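Going down the list, the protein sequences come from chains A and B.
The numbering used here numbers the first residue of the first sequence as 1 and each following residue consecutively.
The numbering used here numbers the first residue of the second sequence as 1001 and each following residue consecutively.
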Amino acid sequence: MAYNVLIVDDSQTMRKVILKAVTLSGFDLGDCWEAGDGREAISILANHWVDLILTDLHMPGMNGLEMLREIQKDEIHRQVPVVLITTEGSENRIQEALALGIKGYIPKPFHPEAIRDILTQIMVKADV
Amino acid sequence: MFKDIRETAISVVSKVFETMFYLFIETSEEVEGTEPSKGKPPQIIGKQGEKSPPPFLRSEIGFQGKNSGKIRLYIPYDLARRLTANFMGVEENELPESQVMDMAGELNNMLAGNLFSLLDKTNGYQLTVPITERIVDLETKDRPESSTVTLNFNVDNQGLKLSIQFES
């Protein structure tokens, strides 16, 4: 079963790198969308079926935490697993993101294997 | 305080380069500063004392938390281009300049994010979006009264500089 993924990061370069890591990890990738901030991501979610969201926290416009709060308001979208890929490492902000329902956290910089391992874990749980 | 910041910054830079680029990076000339840098033009000095030629990219991020200030990454354009190609797994001649600039900003973002998360593990710092410019001269933006930690590194036989300017 192929999974549709939404990658949210204000750096186009980083979005490409994440996509490449996801592809190389062997993850069964269906459609992939990219967004430069939370607002763009919300708009994509409104129009496309997404199985997994990979997002940064620090973004101009709507940041990652603000996006998570918006997603939580929607009954369908709040079921979509969200994984943070971010340089943010402070305990308080990670706790805040966990309270908003993230399923995993990958700190930047990352090895592609870290993406593979966490995606496998999360999508198996989501399928169950 | 500066000694801790310097050591943490060295560790962070090493981690980022080894993890993202599979490159070994080492410090070259180190300058720990409380002295004003006025009148002393900054340089990027490699391991053999060689000076990297222009142009350069300068990426700047503002930070605010226990302290506030600016963190600036100075990287030779050629090196930035090679790192971007390596990072993205493409040939250098396929890269638009915008992608090289974006990568330099993202590199500074990773350095700043990791460094300041370690300096305040509980609350972290607020960081601004990176602003990256192509520059020909390495003019200093450090104010004379500010305290600055400046580190020179050598990677892939070229020099790279990180400057952390504290304003409070």
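Just so you know, even glycine gets a beta-carbon here, dropped at the ideal spot from N, CA and C.
This one's a predicted model, so the numbers in the text were calculated from it and none came from an experiment.
Shown here, S90(A) sits in coil according to DSSP, grouped into three states, outside any helix or strand. For the C-beta of V1129(B), the chain A residues within less than 9 angstroms are, from N- to C-terminus, D10, H58, M59, P60. Taking C-beta atoms under 8 angstroms as the contact rule, S1028(B) and F1153(B) qualify, at a distance of about 6 angstroms.
For V1016(B), the nearest beta carbon of chain A is closer than 7 angstroms to its own beta carbon. Only P107, K108, P109, F110, H111 from the stretch 97-128 of chain A bring a Cβ to less than 9 angstroms from some Cβ of chain B. The beta carbon of M1103(B) sits closer than 7 angstroms to the beta carbons of A1080, L1083, T1084, F1087 from its chain, once the five residues preceding and following it are set aside; these are given in chain order. Under the Cβ distance rule, E1106(B) counts among the residues neighbouring chain A, one pair being separated by less than 7 angstroms. Counting C-beta atoms within 10 angstroms of its own C-beta, H48(A) has fewer than 16 neighbours from the protein chains shown and is therefore classed as exposed. Rounded to the nearest angstrom, the Cβ distance from K108(A) to G1113(B) is 7 angstroms, consistent with a contact under 8 angstroms. Using a Cβ-Cβ cut-off of 8 angstroms, T1008(B) is close to nothing in chain A; its nearest Cβ partner there is about 12 angstroms away.
Considering only D1156(B), F1056(B), D1120(B), the residue with the shortest C-alpha distance to Q1064(B) is D1120(B). S11(A) sits in coil when the DSSP states are folded into three classes, being neither helix nor strand. The beta-bridge partner set that DSSP reports for G1159(B) consists of N1154(B). Boundaries for E1018(B): no beta strand (DSSP E) harbours it, while the alpha helix (DSSP H) harbouring it runs 1002-1021, taken from the DSSP string. C-alpha of I71(A) to C-alpha of L1107(B): approximately 29 angstroms in a straight line.
Per DSSP, the beta bridge partners of W33(A) are L6(A). In the structure shown, E1026(B) falls within a strand segment according to DSSP collapsed to helix, strand and coil. With its beta carbon less than 7 angstroms from one in chain B, S90(A) belongs to the interface. In summary, I115(A) is buried, with 16 or more beta-carbon neighbours lying within 10 Å of its beta-carbon over all protein chains present.
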